[in-house]
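Trainee: Take this structure first; my questions come after.
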Amino acid sequence: MSDTPKLLSTSAMALSSSALLLALIGVLKAKGIFSDADETNVYETALLLLEESEANDDTGAVELAREVIEAHLES
823 MSDTPKLLST
833 SAMALSSSAL
843 LLALIGVLKA
853 KGIFSDADET
863 NVYETALLLL
873 EESEANDDTG
883 AVELAREVIE
893 AHLES
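Using this note's numbering, the first residue of the sequence shown is number 823, and each one after it goes up by one.
Printed below as a string of structure tokens:
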């Protein structure tokens, strides 16, 4: 398999996971189950989990993932 289908598959998985997470958080907030603080806590916990796995990543993917999450927290 060439790199293009692998990259497309990986990108599709990442996008679907992100869309599902954002949808879940949105639904929980709309139902009053989740607060803004809860949403922030989810993203901060995700950053901590990424930091724990960063030592095992030599591709830079974890750093890029952290940047995406940090940008969401700043918005």
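Don't be surprised by glycine CBs; every beta carbon is placed ideally from N, CA and C.
No experiment lies behind these values; they were computed from the predicted model shown.
Closer than 7 Å: is that where the CB of Leu844 sits relative to any heavy atom of the ligand COA?
Mentor: As for the ligand COA, it is missing from this structure, which has no ligand bound.
Trainee: Give every residue of the same chain whose Cβ lies closer than 8 Å to the Cβ of Glu876, excluding the five residues on either side of it in the sequence, and list them in chain order.
Mentor: Here residue 876 corresponds to residue number 54 of the sequence shown, with the count starting at 1. If we look at Glu876 and ignore the five residues flanking it on each side, its Cβ neighbours are Val884, Glu885 and Arg888.
Trainee: Over the uninterrupted alpha helix (DSSP H) stretch that includes Ala877, give me the two end residues.
Mentor: Taking the first residue of the sequence shown as 1, we reach residue 877 at position 55. Ala877 -> no alpha helix (DSSP H), and no H or E assigned at all.
Trainee: For Ser857, which three-state DSSP category applies?
Mentor: Taking the sequence shown and counting its residues from 1, the one referred to as residue 857 is at position 35. In this structure, Ser857 counts as coil in the three-state DSSP scheme.
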